[in-house]
Amino acid sequence: MRHSVLHAPTLKEAPKEAEVPSHALLTRAGFIRKEAAGIYSFLPLAIRTLSKIERIIREELERAGAQEVLLPTVQPAELWMESERWQKYGPELLRFKDRKGNDFCYSPTAEEVITSLVRRDVRSYRQLPVNLFQIANKFRDEIRPRAGLMRGREFIMKDGYSFDSDEAGATRTYQAMFDAYNRIFERCGLAFRPVEADTGAIGGSRSHEFQVLADTGEDSIVSCAACGYTANVEKAEVQRTSPAVAAAGGRFEAVATPGKRSIEDVSRFLGVTPAQVLKTLYVDTDAGPVLVLIRGDRTLNEVKLKSALKAQWIRLDVEPTHDLVAGFMGPIKLPAAAAKLRVVADDSVGTLTDFVCGGNEADVHLRHAERSDLPALGDTLDLSMAGAADPCGRCGGAFAFFRGIEVGHVFFLGTKYSLPMQCNFLDKDGAERPMVMGCYGIGVSRIMAAAVEQNHDAQGVKWPLPIAPFEVAILGLQWDDEGVVAAARELYEGLRAEGVDVLWDDRELRPGQKFADADLIGHPLQVLVGRRGLDQGVVEFKDRRSGERLNLPRVDAIATIVARVQAARKGLGG
RNA sequence: CGGGGAAUAGCGCAGUCUGGUAGCGCGCAAGCUUUGGGAGCUUGAAGCCGUGGGUUCGAAUCCCACUUCCCCGACCA
């Protein structure tokens, strides 16, 4: 491709709304333009990158036994009513009517349609397993779209769904998809981690996220250097920590703590550490309010709590009712109205001894309390947010923390959809059984943004070569010098003949502008063809990612560059 | 939805407090000069000042309502 005919409008300044690097750089470099909140147009450079990502995905999924389909983006409400997601999905699901008044939605995901498709045609265990995927636009009317492509409303997603006749088969499929995902992100040239994840709203029993490592990532990941356990902090298991240091000791008593509502204030006022205070939280849920007990130095992990309660939703930060007093709640001497409330306790509560807790009236706390003073709690649960000081929940080793961007997610679904939607088959014995499903997503357009977050500098993007819009850029530095143009053309055609994806910057611009555009767009390998080098029989080679520069004799240039490209391709086409 | 901010030329901004009919940089067009890291000079085109209403002789500026966008929280690829 010649740059003079490429539609790649670059900008010196980014729109001020672009705050994250990927949004600013993809806009400045001419990959995307915003049309509305969370809705973007993709320009030719973006299409090239997206196509390369999609090609890798297709190759690896097909290798792993999945087949591509294309499902409608506009889907009938009836199917969504069968799975009850028409009611449960909420306003994030974009709904509308056709001219006849029938209800439809724009697909945010496609479990219903794929299940309908498979149940219609697959009747026997002999036809299983089936593993289908598509790459298509999705729409989720996000509460708050943000960070450009990272959390848009319309986005490109690969979504795949597998159907097996039993749990063992579904487990094998899950593993095959897990392995394929590792190869996909590896081949994209990204630094990433597969991590254990909460199963969230989609449900199911087993789940891994694939996180691209980047300081600007939204997700926090912990990883144990000792045993390799890696998980989203939302889920990360922490070991019970050692008992808190006992206070000086003394008689169990109520003590006035005027205006001291926070753990910090109370502990300072009473001369104890936060770890010697029992924190009581009032949490509202769809199944009614719950009191949560946790040691004062620990943070409640809302995701763990939600899944422990099997709740649809939970809310903290609500005014307590049942005669409870915000800032002075405690599990001992509960007001009569609150005595029947469900109480759950974090594991850390089991380490408390001689502790402080709220006295259930304004400006009063209790001190020198013991666990024997607490109402019967039953088993304690792991409800804590993993912190830097926590030992790994699996082996007790030390956790390291990373920031990550979730670009892929694999779920073991089981029969969550096949049961209500009656996606059944006949087994060997002629018995009708629900298929065992899995679902597997990859955020294709998000990968593009995540790659930029992970690979950029002040000048622009530093694409990993396998997903760069072009592998090599040739910059003809003097457009009006026949010798330079001829040398650039020779290189361009020579590289193209070798199957290299090359952009020739033949525009009638000053060299500085070509340098700036090349670094902004982020071409991984750049060849500078200029009068200065040609007089010495060389062209200049630049590796955008490493910053390496070297002069190549013209006679060797093509062979050397082809070798570099092939080394960086990570088996593309394999 | 709760909290905070913004909307003036394609992009970045000033002008708003203290009303008098719109300006700067970049970009764009033309000319001359320049030519290896976003050139210099000259000339030029380009703006229902987010929308609607109000106050006023007069509104980008003051008042009211609305819309859109961004940031922080709850949701997700």
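Numbering (the working numbering), first residue to last: 59 to 632.
Every residue, glycine too, gets a C-beta built ideally from N, C-alpha and C.
Integer Cβ distance of residue i from residue j, believed to fall under 8 Å
i, j, result
"Leu175", "Tyr164", "Rounded, the Cβ-Cβ distance is 18 Å, inconsistent with contact."
"Val401", "Leu439", "The pair is not a contact, with the Cβ atoms about 11 Å apart (cut-off 8 Å)."
"Ser387", "Gly416", "For the sequence presented, residue 387 should be read as Met rather than Ser. At roughly 5 Å, the Cβ-Cβ gap stays under 8 Å, so Met387 and Gly416 are in contact."
"Phe483", "Ser182", "6 Å"
"Ile532", "Ala555", "The pair is not a contact, with the Cβ atoms about 14 Å apart (cut-off 8 Å)."
"Ala626", "Leu477", "So it is not a contact: roughly 47 Å between Cβ atoms."
"Ile214", "Leu108", "7 Å"
"Asp344", "Ala369", "6 Å"
"Glu200", "Gly96", "6 Å"
"Glu118", "Ala228", "With a Cβ gap of about 20 Å, Glu118 and Ala228 do not count as contacting."
"Val494", "Glu140", "Wrong, their Cβ atoms sit about 18 Å apart, outside the cutoff."
"Ala516", "Ser80", "Not quite, the Cβ-Cβ distance comes to about 14 Å (not below 8 Å), so this is no contact."
Which residues DSSP lists as bridging residue i, in chain order
i, result
"Glu428", "Bridge partners of Glu428: none, in fact."
"Glu254", "His266 and Ala289"
"Leu586", "Leu533 and Glu598"
"Gln346", "Going by the sequence as given, residue 346 is Gly instead of Gln. Answer is none; Gly346 lacks a bridge partner."
"Ser442", "Leu358"
"Asp563", "Leu533"
"Tyr164", "Val132"
"Ile352", "Lys337"
"Glu126", "Phe191"
Simplified DSSP state of residue i, which is helix, strand or coil
i, result
"Asp412", "coil"
"Lys110", "helix"
"Gln185", "helix"
"Gln571", "helix"
"Val171", "helix"
"Val78", "coil"
"Gln145", "helix"
"Pro478", "coil"
"Phe154", "strand"
"Val407", "helix"
"His61", "helix"
"Ala87", "coil"
"Ala259", "Any reading at Ala259 must be qualified, since the residue scores a pLDDT of 49, below 50, and its modelled position is unreliable; no value is offered."
"Arg121", "helix"
Separation of residue j from residue i, as counted between CA atoms
i, j, result
"Glu254", "Gly496", "16 Å"
"Asp342", "Pro492", "35 Å"
"Leu64", "Arg565", "10 Å"
"Arg91", "Val510", "16 Å"
"Thr231", "Arg121", "13 Å"
"Gln145", "Gly88", "40 Å"
"Asp437", "Ser278", "28 Å"
"Ala456", "Ala284", "7 Å"
"Asp601", "Val519", "13 Å"
"Phe236", "Ala94", "35 Å"
"Asn359", "Lys398", "24 Å"
"Val383", "Met443", "25 Å"
"Lys474", "Arg143", "12 Å"
"Asp593", "Val502", "45 Å"
"Ile260", "Leu432", "Confidence in Ile260 is poor, its pLDDT being 48 and thus under 50, which makes the residue's placement too unreliable to answer from."
"Ala168", "Ala314", "58 Å"
"Lys572", "Glu77", "25 Å"
"Gly317", "Val414", "16 Å"
"Phe243", "Val465", "9 Å"
"Asn189", "Ile372", "35 Å"
"Ala66", "Asp577", "13 Å"
"Gly385", "Thr338", "9 Å"
Extent of the continuous beta strand (DSSP E) to which residue i belongs
i, result
"Phe460", "Phe457 to Gly472"
"Gly499", "Val494 to Gly501"
"Gln4", "Beyond the ends of the chain as shown, which are 59 and 632, falls residue 4; an answer cannot be given."
"Gly218", "Glu212 to Asp222"
"Ala294", "From DSSP, Ala294 is part of no beta strand (DSSP E); its letter is neither H nor E."
"Ala312", "Glu311 to Ala314"
"Ile97", "Ile97 to Phe100"
"Ile390", "Premise fails: Ile390 is in no beta strand (DSSP E) and is neither H nor E."
"Val280", "Asp277 to Cys282"
Span of the alpha helix (DSSP H) around residue i
i, result
"Lys486", "It is not in any alpha helix (DSSP H) - Lys486 carries neither H nor E in the DSSP assignment."
"Phe243", "Glu225 to Arg245"
"Asp614", "Arg612 to Ala626"
"Glu200", "Segment: none, Glu200 is in no alpha helix (DSSP H) and carries neither H nor E."
"Ile525", "Segment: none, Ile525 is in no alpha helix (DSSP H) and carries neither H nor E."
"Gly541", "Glu540 to Ala555"
"Leu328", "Ile321 to Leu328"
Cβ-heavy atom distance, residue i to the ligand MG, below 6 Å
i, result
"Asp224", "The ligand MG is not among the ligands present in this structure, which contains no ligands whatsoever."
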